[in-house]
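In the numbering used here, the protein residues as written are 1 to 154.
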């Protein structure tokens, strides 16, 4: 009889190569899910900040810009978390070794929070002082309670 192609380590013809079972432990899958849920919690917090600004921040374009910045960041974080969850799950299924941490995106998220908060404060406190028009302005004097007209200044 002829021997089948493949070895005992691959499990026979057409099977995947040997996998290190230490990587296939359930704790690794659960750690990936916990990381995914952690990123989603941060995205929900960012989205909540944006919605709170939109609903309770008053009206005007400044509030809408700030809310848009927070909501866009939240959506980008959701997309990133989804992509990384499936990428890491695929690496776990294939049994790949290597680094699993991400040092770039957490720094970007912190910088984004600083940037979004600075935009919010900058737009909130950058209000021009209201100067009423001088033409035919009626003013009630505090001491006498009489109306007087301020002459037009050229």
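Even glycine gets a Cβ: it sits at the ideal position worked out from N, Cα and C.
Rounded C-alpha distance that separates residue 47 from residue 95: The residue given as residue 47 occupies position 47 in the chain shown. The residue given as residue 95 occupies position 95 in the chain shown. Going by the C-alpha atoms only, they are around 35 Å apart.
Residue 74 vs residue 43 beta-carbon contact at 7 Å: Residue 74 sits at position 74 when you count from the first residue of the chain shown. Residue 43 sits at position 43 when you count from the first residue of the chain shown. Yes, they are a contact pair.
Member of 56, 51 and 100 whose CA lies at the smallest distance from the CA of residue 31: Sequence index remark: in the chain shown, residue 31 carries index 31 (1-based). Here the closest residue by C-alpha is 100.
Cα-Cα separation, residue 118 to residue 93: Position 118 of the chain shown, counting from 1, holds the residue named residue 118. Position 93 of the chain shown, counting from 1, holds the residue named residue 93. Cα to Cα, residue 118 sits roughly 42 Å from residue 93.
Where residue 57 falls: helix, strand or coil (DSSP): Translated into the one-based positions of the chain shown, residue 57 becomes position 57. Here residue 57 sits in coil by DSSP.
Contacting residues, own chain, Cβ-Cβ under 8 Å from residue 89 (five flanking each side not counted): Locating residue 89 in the chain shown gives position 89, counting from the first residue. Answer for residue 89: 29 and 32, listed in chain order.
8 Å contact criterion, which residue 67 and residue 53 should meet: CB distance rounded: To locate residue 67, count along the chain shown from 1; it is residue 67. To locate residue 53, count along the chain shown from 1; it is residue 53. Sure, about 4 Å apart at Cβ, within 8 Å.
Cα-Cα separation, residue 27 to residue 61: As a first step, residue 27 must be located in the chain shown, where it is residue number 27. As a first step, residue 61 must be located in the chain shown, where it is residue number 61. Their backbone Cα atoms lie some 47 Å apart in a straight line.
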